[in-house]
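> Residue numbers (the numbering used here): 8 to 222.
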């Protein structure tokens with residue numbers, strides 16, 4: 008209205024002070040000083056790239072050029088990370104224990120100070136799943152005809168994620184009547200007969216690669 012005046016300050020690069028002076032034919036008055044403070048508000052995270060394996064621990068650190076009165080939060084692939092995962096919301100340290108394959112991706116830190124908020128650069132975590140190592144191999148077995156035989160294959164216990172098993176025979180396909188299920192580490196030959204003889208071995212695979220047992 009006629010009793011107010013608006014002044015837009017744009018592209019300000021340093022702290023400045025402003026006063027409003029109003030007057031008429033009778034007198035002139037000066038306002039209090041209005042200070043616009045320019046803060047160099049920068050946020051960074053490190054390390055920028057982390058390569059690790061399933062089951063390990065990862066720590067990301069977020070730093071801010073503004074040190075007082077700030078709070079930190081993190082997002083993973085655009086979704087907020089639970090507060091419990093933060094060591095301290097006032098230090099900006101994000102610790103992920105017992106890393107899972109789903110923890111891979113992009114992490115961004117947001118720092119807030121009053122009404123201001125600034126986002127960091129992106130930190131990327133890449134998860135490598137270790138290739139399964141077979142620790143239990145099928146053993147040589149002699150069986151009386153029409154008796155049952157069970158062969159077992161297993162991998163080391165610290166392999167995380169989904170492990171897929173398959174069974175093979177060196178001198179031909181495994182007969183359909185032999186039970187090996189679907190994705191199982193156990194092969195069962197029910198009522199074994201001479202044509203079932205052969206060298207059997209299993210394969211185990213996951214996102215990290217595959218391994219085959221002794222036959």
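C-beta: ideal position from N, C-alpha, C; glycine also.
Can you tell me which of the three DSSP states residue 12 falls into?
Residue 12 falls in the coil class under three-state DSSP.
> Determine the direct distance from the alpha carbon of residue 81 to that of residue 214, and round the result to whole angstroms.
Near 27 Å, if we compare the C-alpha coordinates of residue 81 and residue 214.
> Can you say whether residue 66 is buried or exposed, counting buried as having 16 or more other CB atoms within 10 angstroms of its CB?
Burial call: exposed.
> Whole angstroms are fine: how far does the CA of residue 120 sit from the CA of residue 27?
So the two alpha carbons sit approximately 28 Å from each other.
> Nearest to residue 23 by alpha carbon, out of 186, 42, 36 and 34?
That would be 42, whose Cα lies nearest to the Cα of residue 23.
> Can you list the beta strand (DSSP E) stretches of 3 or more residues lying completely in the segment 85 to 139, in chain order?
Listed in chain order, they are 93 to 95, 100 to 103, 112 to 120 and 123 to 135.
> Using a Cβ-Cβ cutoff of less than 8 Å, which residues in the same chain neighbour residue 112 once the five nearest sequence positions on both sides are dropped?
The answer, listed in chain order, is 83, 84, 131 and 132.
> Got a sec, what are the start and stop residues for the beta strand (DSSP E) residue 69 sits in?
Looking at the DSSP string, the run of the beta strand (DSSP E) that includes residue 69 is 65 to 71.
> Kindly indicate which residue of 203, 49 and 25 has the alpha-carbon position closest to the one of residue 124.
Out of 203, 49 and 25, 49 has the C-alpha closest to the C-alpha of residue 124.
> From the DSSP output, read off the bridge partner residues of residue 24.
According to DSSP, residue 24 bridges with 42.
> Considering only residues of the same chain and omitting the five flanking positions on each side of residue 8, which have a CB-CB separation below 7 Å?
Any reading at residue 8 must be qualified, since the residue scores a pLDDT of 49, below 50, and its modelled position is unreliable; no value is offered.
> Can you tell me which residues form a DSSP beta bridge with residue 156?
According to DSSP, which records beta bridges pairwise, residue 156 is partnered with 196.
> Going by DSSP, which residues form a beta bridge with residue 36?
Partner(s): 29.
> Note down, in chain order, each residue of its chain lying with its Cβ closer than 8 Å to the Cβ of residue 60, except the 5 sequence neighbours on either side.
Hits under 8 Å: 106, 134, 135, 136 and 137.
> Report yes if the C-beta distance between residue 140 and residue 158 is below 9 Å; otherwise report no.
No, they are not a contact pair.
> With 16 other CB atoms within 10 Å as the buried threshold, where does residue 208 fall?
Classification for residue 208: buried.
> Counting along the chain, where does the beta strand (DSSP E) carrying residue 55 start and finish?
Per DSSP, residue 55 belongs to no beta strand (DSSP E) and is neither H nor E.
> Note down the Cα distance separating residue 104 from residue 173, rounded to an integer number of angstroms.
So the alpha carbons of these two residues sit roughly 32 Å apart.
> Roughly how many angstroms separate the alpha carbons of residue 38 and residue 31, rounded to a whole number?
Each residue's Cα considered, the two are about 15 Å apart.
> Grab the span of the beta strand (DSSP E) containing residue 83 for me, first residue to last.
Counting along the chain, the beta strand (DSSP E) containing residue 83 begins and ends at 78 to 83.
> Whole angstroms is fine: what's the gap from residue 200's alpha carbon to residue 184's?
Answer to the nearest angstrom: the Cα atoms are 11 Å apart.
> Going by DSSP, what residue range makes up the beta strand (DSSP E) through residue 175?
Start and end: 171 to 176.
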